[in-house]
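**Q** Sharing a structure with you now.
Residue numbers (the working numbering): 25 to 140.
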């Protein structure tokens, strides 16, 4: 079909997920409260290295695509597509990269980033 393939790296991917369960960490070095040494911090968002980070990111991007009207492939849960006015856009998730192909105008629109 003569489509070009575009790759987008999502900056700070694993900091873009929200934690669904309760996760606590000890007070980070340099941020200790010395009159409350036994206190811990509850995370509201994921951190790099946290085992829940990849799942939290995937959950967030998946819900974003759903809100935008994308259809998720039944054969590959990382493949999404949308048809807009007869034009097709296909997105494949690969860890913290998005691989896009399809109509050039939809790709340009997608790179604008409507999901927050």
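Glycine included, each C-beta is placed from N, C-alpha and C at the ideal position.
Mapping DSSP to helix, strand and coil, what is residue 83?
**A** Of the three classes helix, strand and coil, the one that applies to residue 83 here is helix, per DSSP.
**Q** Apart from the five residues just before and just after residue 66, which ones in its own chain have a Cβ nearer than 8 Å to its Cβ?
**A** Excluding sequence neighbours, residue 66 sits near 46, 47 and 48.
**Q** When DSSP labels each residue in this structure, what does residue 100 get in the three-state scheme?
**A** Residue state, collapsed to three classes: coil.
**Q** Report the residue from 111, 115, 25 and 30 whose alpha carbon sits nearest the alpha carbon of residue 102.
**A** The candidate whose alpha carbon is nearest that of residue 102 is 115.
**Q** Which same chain residues end up closer than 8 Å to residue 121 when comparing Cβ atoms and leaving out the 5 residues on each side of it in sequence?
**A** Around residue 121: 31, 32, 33 and 34.
**Q** Where do the N-terminal and C-terminal ends of the alpha helix (DSSP H) with residue 128 fall, by residue?
**A** Residues 128-134.
**Q** When the Cα atoms are used, what is the spatial distance from residue 100 to residue 50?
**A** If I take the Cα positions, the gap works out to 38 Å.
**Q** Using a 10 Å radius around the Cβ and a threshold of 16 neighbouring Cβ atoms, would you call residue 130 buried or exposed?
**A** Its Cβ being crowded by 16 or more others within 10 Å, residue 130 is buried.
**Q** Name the DSSP beta bridge partners of residue 88, please?
**A** DSSP output for residue 88 lists no bridge partner at all.
**Q** With DSSP as the reference, label residue 140 as helix, strand or coil.
**A** Low confidence applies here, because residue 140 scores a pLDDT of 45, under 50, leaving its location unreliable and the question unanswered by this model.
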